[in-house]
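Undergrad: Add 1 to a position in the sequence shown, counting from 1, and you land on the number used in the numbering used here.
Below is the structure I would like to discuss, written out as structure tokens.
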Amino acid sequence: MTFLNAVIKETLRIHSPASLGTIRVAYKATKLHPLLHPCCTLCYDVPAGTWLCFPFAAIDRSPAVYGPDADTFRPSRWIPRPSKAGDTIAASWGGTSAFNGDVGDTYDSDSDGFADKLLKAPGRLKEPIAFGMGPRDCAGQALARLEMQVVIVELFSRFHVTLAPGMGTPDEIFSRQISHGTLTFDGEVMMRMEAR
């Protein structure tokens, strides 16, 4: 189930179903620390009554949050790896690294220290934010995640699923992806299911 959960998290990160995110209103004047640039020391003054949009898809694909491979589908970024003494990444992420390769890889600092700065900075994400975050996140997300696990396991254990003839390649289909309030595609996406 560890790999399945990693695939679900990475799918929610790359293809956020609520891509435009959420809107909040600042009920009092405040300072906003930039989530997309946690290494930055700048703050933004936000006056009371200001509407703020948190675009999930932009945040979940930001190289400042997920590293230089933010646009790459890599479920292994969500798989915990064994912690070693002195391993600051595993310690800071509770055993999970958003920047390392596959499980068991060793961490080599990049040339400009980008990952080191980001991992030590406040505001780094340990989960994709498809369901929101904080006290007003989606109350049904635990049920939704459980349902995704059950449907995926049942579907793929009983059927061999492929794209229907004439649908094109996966890359062609994803090029037709549209983000309105929710994720959709221009045209149909037909699948062929054959019993196993």
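Backbone N, C-alpha and C fix where the C-beta goes; we use that ideal spot for every residue, glycine too.
Can residue 169 and residue 23 be called in contact, C-beta distance under 8 angstroms?
TA: Position 168 of the sequence shown holds residue 169. Position 22 of the sequence shown holds residue 23. No; because the gap between Cβ atoms is not below 8 angstroms, this pair is not in contact.
Undergrad: For residue 200 and residue 49, what's the separation of their Cα atoms in angstroms?
TA: Because the chain in this structure spans residues 2 to 197, residue 200 falls outside the shown range and cannot be described.
Undergrad: Just reading off the beta strand (DSSP E) that residue 128 is part of, what are its end residues?
TA: Looking up residue 128 in the sequence shown gives position 127. No beta strand (DSSP E) holds residue 128; DSSP gives it neither H nor E.
Undergrad: Under the assumption that residue 76 contacts residue 155 (Cβ atoms under 8 angstroms), give the Cβ distance between them as a whole number of angstroms.
TA: On the sequence shown, residue 76 is found 75 positions in, with the first residue counted as 1. On the sequence shown, residue 155 is found 154 positions in, with the first residue counted as 1. Not quite, the Cβ-Cβ distance comes to about 20 angstroms (not below 8 angstroms), so this is no contact.
Undergrad: Can you tell me the Cα-Cα spacing of residue 188 and residue 179, whole angstroms?
TA: Indexing the sequence shown from 1 puts residue 188 at position 187. Indexing the sequence shown from 1 puts residue 179 at position 178. Answer to the nearest angstrom: the Cα atoms are 10 angstroms apart.
Undergrad: Rounded to whole angstroms, what's the CA-CA distance from residue 162 to residue 190? Just pull it up for me.
TA: Along the sequence shown, one-based indexing puts residue 162 at 161. Along the sequence shown, one-based indexing puts residue 190 at 189. Their Cα atoms are separated by approximately 13 angstroms.
Undergrad: Excluding the 5 residues flanking residue 54 on each side, which residues of the same chain have their C-beta closer than 7 angstroms to its C-beta?
TA: As a working note, residue 54 is residue 53 in the sequence shown. Excluding sequence neighbours, residue 54 sits near 22 and 24.
Undergrad: Apart from the five residues just before and just after residue 56, which ones in its own chain have a Cβ nearer than 8 angstroms to its Cβ?
TA: In the sequence shown, the residue the question calls residue 56 occupies position 55. Excluding sequence neighbours, residue 56 sits near 20, 21 and 22.
Undergrad: Residue 2 by DSSP, collapsed to three states: which one?
TA: Taking the sequence shown and counting its residues from 1, the one referred to as residue 2 is at position 1. In the displayed model, residue 2 falls within coil according to three-state DSSP, outside both helix and strand.
Undergrad: Please work out which residues of its chain come closer than 8 angstroms, Cβ to Cβ, to residue 29, disregarding the five sequence neighbours upstream and downstream, and give them in chain order.
TA: Translated into the one-based positions of the sequence shown, residue 29 becomes position 28. Excluding positions up to five away in sequence, the list reads 49.
Undergrad: Taking the beta strand (DSSP E) that residue 195 falls in, what are its first and last residues?
TA: Translated into positions along the sequence shown, residue 195 becomes position 194. First-last of the beta strand (DSSP E) with residue 195: 192 to 196.
Undergrad: Could you round the C-beta distance between residue 13 and residue 129 to whole angstroms and report it? I think they count as a contact, below 8 angstroms.
TA: For this step, residue 13 is matched to residue 12 along the sequence shown. For this step, residue 129 is matched to residue 128 along the sequence shown. So it is a contact: roughly 5 angstroms between Cβ atoms.
Undergrad: Nearest CA to the CA of residue 16: which residue from 80, 174 and 192?
TA: Counted from its first residue, the sequence shown places residue 16 at position 15. Comparing Cα-Cα distances from residue 16 to each of 80, 174 and 192, the minimum goes to 174.
Undergrad: Keeping to the same chain, check which residues put their C-beta closer than 8 angstroms to that of residue 47; ignore five residues upstream and five downstream.
TA: On the sequence shown, residue 47 is found 46 positions in, with the first residue counted as 1. Cβ within range, chain order: 27, 30, 31, 32, 33 and 53.
Undergrad: Who are the Cβ neighbours of residue 159 in its own chain at under 7 angstroms, not counting the five residues just before and after it?
TA: To locate residue 159, count along the sequence shown from 1; it is residue 158. 196 and 197, listed in sequence order.
Undergrad: Write down the C-beta distance between residue 18 and residue 184 rounded to the nearest angstrom, noting that I regard them as a contact closer than 8 angstroms.
TA: In the sequence shown, counting from the first residue as 1, residue 18 sits at position 17. In the sequence shown, counting from the first residue as 1, residue 184 sits at position 183. Residue 18 to residue 184, Cβ: 5 angstroms. Contact.
Undergrad: Following the continuous alpha helix (DSSP H) through residue 144, name the residue where it begins and the one where it ends.
TA: The residue you call residue 144 lines up with position 143 of the sequence shown. Per DSSP, residue 144 belongs to the alpha helix (DSSP H) from 142 to 159.
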